[in-house]
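Accompanying notes for the structure given below.
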Amino acid sequence: MANTVSPLAVARRRSELGLVLLAAFITGAAYVLASLGKNASLPARIGPFLVSLLVLLVCAHIGVRKFAPGASPLLLPLATLLHGIGYVMIARLSDRLAGLQATWSLIAVACFIAVLVALPRVADLLRYQYTFLFVGVFLQLLPLVPGVGFSSGGARIWVSIGPINFQPGEFAKLCLAIFFAGYLSEQREVLSSGGKRIAGVQLPEMRTFLPVMLAWGVSVVVMVAEKDLGSSLLFFTLFVVLLWVATERSGYIVFGGGLFVLGAFIAYNMFGHVRDRFAIWLDPWSQYNGKGYQIVQGMFGFAEGGISGTGLGLGDPTRIPAVKNDFIFAAIGEELGLFGATAVLAAFVFIIGSGLRTAIRTDNAFEKLLAVGLTTILGVQAFIILAGVLRVLPLTGVTLPFMSYGGSSLVSNYMLLALLIAISHSSARRLHEVPQ
Amino acid sequence: MNRVIRRLAIGLLACYALLFVQLNVWQVGKRAELRANPLNNRESVRQFDAPRGPIVTSDGVVIAQTVEIPKDQRDAGSYAYQREYPTKELFANVSGYYTYAYGATQVEHLYSDVLAGNTPKQQLLAVGSTFNSVDQTGEVQLTLNSDLQKLAQRQLGNREGSAVVLDTRTGAVLAMYSNPTYDPNTVAVHNNDEAGAALEALADAQGKPLLANAYQERYMPGSTFKIITTATGLEAGFISTASEWPDENSWTPPNTKNPIQNYGKKTCGGDMFEVFRRSCNIPFARMSADMGPEVMVNGVKKWGVGEQLPIDLPNAATSTFGGEVADFTDSLALLAIHGFGQGSVQMVPLHMAMVAATVANGGAMMKPYVVAKTLAHNGTELSSTSPEVWRRPISPATAATLNSFMVGVVNNGTAKCCLALAGGVQAAAKTGTAQLNAEGETQRSHAWITAFAPAEAPRVAVAVMLKGVNAQISAGTGGTLAGPVAKVLLDRALKVVPQ
């Protein structure tokens, strides 16, 4: 029965394999070029690298082929392309980090496949929405627990258990997105209709609105306590977007925007580090020798790259602080130029497009909202850090999905990708494009 | 909900479009502005932190080179290349130093493009090798000989002063050393603060070690200047080999009450040959006063006094006669004093060597130079220096006369003690003991000698100057103090320069 091969699924998987191999080729070529540029020699152990690269990507592809054959063929290749370019850049910046990131890549792909295996029907997650709420809030609070959590780079978002350090917030995002999507898909009728009208604005029924508000409020406050501004912003956006999509009422956008301005104003007045970020954003030059140094060096890096870039391994991105995580895009701009940086932007746009298309195609409200939520997390997180690096917005440190150095980010983003792919596959099944 | 999701898609797309616009602003629109920003030192660091060719002496000794720091010894973000000066102080005055924050001096400064490989010729040679980065750096070959330079250093010892050896026929500098000097390695460190502190300490140090005293400083020449006075008299026809001067120990120039005396208050006189070899002061004072300001000042100018020395190194000093025609018109006494190298006459040690070399070279004064040629990394010659006459202050006949006078100084005059060269080679010389103190003060004097050899077919000239900074030097004369140094240098130089 389920083993009947659908021609559409075969076509999609064939495209995916081709694109994944293309991403692998680009990564391999970039890896060799970076080594030639930096050391004027072929990378050591180039053979094992290419083999493990290929094996890793083909395994991910086989995972999709086996467990989500009807899914969109674009998501995995785009993610692996970003992952590959990011890895090449990290390897070019530091040999030591390259080894660690390679290990994380292995774990990430394993988790990707594990999610696909564990989730034959995404809609089943709906039943566990409150579990995810509690797990999400728990993970969110974990860094604040004395003895377990610790600060690094100004933000208290780290947890150390035994030999492993990780950022639970990266996983909390996924859990809370699942909860929001579940809760809102069930309550959307109530939220979009009920409630009193005040000054022409239809307020939602407080009884149903309150739990969401609470979950969100706690998370935002916790993130502010952890000085993790980027995540607070991301979380806030996620919440407003899901409310808007679920209720189809633009009022939530206006309401959210107002709330955001209010929150930003309060934060600006309450926290010195928020004021710092603003000041640096408006004028990094006056603090060149202090907090503005990073952003100015980033701008110098982009300028150095110009249209075609200095070439991989030929630039000088190591002078930008935190270039391996928050500022990896500046390194790409420097060494791959406007062309390379635009390609990265385009890849994110295509991922967002594929994610939202997945949301549109499914007619299950939970899956729809979950797809929107996951895509928003990915797209907005990338936007927040890219905008910070490019000085479109004040800089708030979050990782660039798939590209930045860091295990938690890479693993959670691959899990997010697996969820999107699972939703994509389940809608294909529902549309009878592939066998049930 | 799909309608809203489409709007969301448009919204996100707009956000990314904004990023794309800003990316263009930094990478295209404001690129030039950002790259030119004074805070942006990427370009200058890249140029600084690069391979750089060596500076090599004529006998193949590397005096400046760049080494790559092994990868495991580099800190993150630190430089990959280090400039080194293996001969330390020995050639500091010629090579100069090369730093990131404080620029470069001497050959490092003037030939920076060649050393870094930035000349058009070198870049043409590297065309077509985009993928295998070819070493583009160039090499600078000096005219200086390391043995001779080492000898000059050893002969000066801990005494302050300068020694210059020239090839009389070409103007090539064979040795040029001065004390005090410095070790360029202390300045070429990567740490800017450290380099700045080292430079500041050197700038404040006594004796100006950062200046190449041999060509960037000038000193009272004393009797060595009599070569120029005699030459001016001979050229202008005021004197001849037959001129006679009265035996006297004191002479009071016109319109003054202060008498002029000979060195050591001796009685001194005779024919030109005699007064030159004994270095009497009064005949040269009389000679200068007789010639008058116009003849004397113009005669001196013919030697390039008052003009910056044309050496191929930066910031060469200018010798001075201490006044123009008008300054001496009403003061023949002053002119008389200047005529034997006292007063405010100042000569650069290199210039004094050029004066001897001009006499040796039949009256043609060659442009001095330290760079023989420059080479590309593959050995292709980029440039080579051809000898050039700077000026012709005297006729060959005058040169021959001066030559015979200077031989007298060696054989039976003020340099008799010290200039008997190895193998019986005849040297010619003029000594000088420049009295720095006024009458009645403690004796303080520079000791000078300028000489060339062999007298009959000269090849090398030398000038040695010991600064009168202490009683020991001030007690001696040019002949006894500078003479032995000149002898050793001439002996060795004759072996270096072939016939």
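Chains as they are written, first to last, in the numbering used here: chain E, 1029 to 1464; chain Y, 81 to 579.
Note that beta-carbon positions come from the ideal geometry of N, C-alpha and C, so glycine has one too.
On a predicted model such as this, the values are computed, not experimentally measured, just so you know.
**Report entry** Chain-ordered residues of the stretch 1351-1368 of chain E with a beta carbon less than 8 angstroms from chain Y
**Finding:** Gly1361, Gly1365, Leu1366
Query raised in the report: Which value, in whole angstroms, describes the spacing of the CA atoms of Ile1054(E) and Ala1393(E)?
Result: For Ile1054(E) and Ala1393(E), the gap between their C-alpha atoms comes out near 38 angstroms.
Query - First through last residue of the beta strand (DSSP E) which encompasses Ile1335(E) - result: Neither: Ile1335(E) is in no beta strand (DSSP E) and is coded neither H nor E.
Query raised in the report: Does the distance from the C-beta atom of Asn1353(E) to that of Ser1432(E) stay below 8 angstroms?
Result: yes
Requested in this report: Ignoring anything shorter than 4 residues or poking outside the stretch 1091-1173 of chain E, list the alpha helix (DSSP H) runs there in chain order.
Outcome: When DSSP assignments are scanned along the stretch 1091-1173 of chain E, the uninterrupted stretches of alpha helix (DSSP H) that are 4 or more residues long and fall wholly within it turn out to be 1103-1121, 1123-1146, 1157-1169.
Query raised in the report: Can you tell which of Leu99(Y), Val147(Y), Val174(Y) has its C-alpha closest to the C-alpha of Thr137(Y)?
Result: Val174(Y)
Query - Unbroken beta strand (DSSP E) run spanning Trp470(Y), endpoints - result: 469-471
Query raised in the report: Taking any Cβ of chain E, which residues in the stretch 289-312 of chain Y have a Cβ under 9 angstroms from it, in chain order?
Result: Against chain E - using a Cβ distance shorter than 9 angstroms - the stretch 289-312 of chain Y contributes no residues.
Query raised in the report: Could you give the distance in angstroms between the alpha-carbon of Thr167(Y) and the alpha-carbon of Thr146(Y)?
Result: 14 angstroms
Query raised in the report: From this set, Val1048(E), Ala1130(E), Gly1112(E), which residue's C-alpha is nearest Ala1058(E)'s C-alpha?
Result: Gly1112(E)
Query raised in the report: Can we say the stretch 419-432 of chain Y touches the stretch 221-233 of chain Y, given the rule of at least three CB pairs closer than 8 angstroms?
Result: no
Requested in this report: Starting from the Cα of Thr336(Y), find the closest Cα among Cys348(Y), Ile417(Y), Asp273(Y) and give me that residue.
Outcome: Checking every option, the nearest Cα to that of Thr336(Y) belongs to Ile417(Y).
Report task. Give the residues from the stretch 1324-1344 of chain E that approach chain Y closer than 7 angstroms (Cβ to any Cβ), ordered along the chain. Result -> Val1324, Met1327, Phe1328, Phe1330, Ala1331, Glu1332, Gly1333, Gly1334, Ile1335, Asp1344
Query - CB contact below 8 angstroms: Asp1286(E) versus chain Y - result: The sequence given here places Gly at residue 1286(E); Asp does not occur at that position. Not one beta carbon of chain Y lies nearer than 8 angstroms to the beta carbon of Gly1286(E).
**Report entry** Straight-line Cα distance separating Phe318(Y) from Val375(Y)
**Finding:** Rounded to the nearest angstrom, the two C-alpha atoms are 10 angstroms apart.
Query - Ile1405(E) to Gly176(Y) span [Cα, whole Å] - result: 60 angstroms
Report task. Check each candidate in Gly287(Y), Leu88(Y), Val405(Y) and name the one with the smallest Cα separation from Arg298(Y). Result -> Gly287(Y)
Query raised in the report: Listing by chain order, which chain Y residues have their CB less than 8 angstroms from the CB of Lys1319(E)?
Result: By Cβ distance, chain Y contributes nothing, its closest Cβ being about 15 angstroms from Lys1319(E), past 8 angstroms.
Query raised in the report: What residue from Gly1365(E), Phe1330(E), Trp1272(E) has the CA that sits closest to Ser1336(E)'s CA?
Result: Gly1365(E)
**Report entry** N- and C-terminal bounds of the alpha helix (DSSP H) containing Trp1309(E)
**Finding:** Element bounds for Trp1309(E): 1300-1310.
Query - Interface positions of the stretch 1158-1190 of chain E facing chain Y (Cβ-Cβ less than 8 angstroms), listed along the chain - result: Per Cβ criterion, the list is empty.
Query raised in the report: Can you tell me whether Leu119(Y) is buried or exposed, with buried defined as 16 or more other CB within 10 angstroms of its CB?
Result: Its Cβ having fewer than 16 others within 10 Å, Leu119(Y) is exposed.
Query raised in the report: Taking only beta-carbon atoms, is Phe100(Y) less than 8 angstroms away from chain A?
Result: Judged by its chain identifiers, the structure shown contains no chain A, and its protein chains are E and Y.
Report task. Starting from His526(Y), follow its DSSP beta bridges and name the residues at the other end. Result -> Ala514(Y)
Report task. For Leu1167(E), count neighbouring Cβ atoms within 10 angstroms of its own Cβ and tell me buried if that reaches 16, exposed if not. Result -> buried
Query raised in the report: Any Cβ of chain E within less than 8 angstroms of the Cβ of Tyr96(Y)?
Result: yes
Query raised in the report: Taking all protein chains shown into account, do 16 or more other C-beta atoms lie within 10 angstroms of the C-beta of Trp1313(E), making it buried, or fewer, making it exposed?
Result: exposed
Query raised in the report: Got a sec: is the Cβ-Cβ distance from Ala1030(E) to anything in chain Y below 8 angstroms?
Result: Here Ala1030(E) scores only 47 on pLDDT, less than 50, and its place in the model is too uncertain to base an answer on.
Requested in this report: Just the C-alpha distance for Ile308(Y) and Cys497(Y), rounded to the nearest angstrom, thanks.
Outcome: 24 angstroms
Requested in this report: Give a yes or no on whether the minimum CB-CB distance between Trp1272(E) and chain Y is below 8 angstroms.
Outcome: yes
Query raised in the report: Is Gln107(Y) close to chain E, meaning its C-beta is less than 8 angstroms from at least one C-beta of that chain?
Result: yes
Query raised in the report: Going by Cα to Cα distance, which pick from Leu414(Y), Pro448(Y), Ser124(Y), Tyr159(Y) is closest to Glu404(Y)?
Result: For the set Leu414(Y), Pro448(Y), Ser124(Y), Tyr159(Y), the Cα lying nearest the Cα of Glu404(Y) is the one of Leu414(Y).
Requested in this report: Can you give me the start and stop residues for the beta strand (DSSP E) that Arg163(Y) sits inside?
Outcome: For Arg163(Y), the uninterrupted beta strand (DSSP E) run begins and ends at 161-164, by DSSP.
Report task. Kindly indicate which three-state DSSP category Ser1382(E) falls into: helix, strand or coil? Result -> helix
Query raised in the report: According to DSSP, is Ala1030(E) helix, strand or coil?
Result: Only weak support exists for where Ala1030(E) lies, its pLDDT of 47 falling under 50; the value from the coordinates is given anyway. If DSSP states are grouped into helix, strand and coil, Ala1030(E) belongs with coil.
Requested in this report: Could you confirm whether any beta carbon from chain Y is found closer than 8 angstroms to the beta carbon of Ala1205(E)?
Outcome: no
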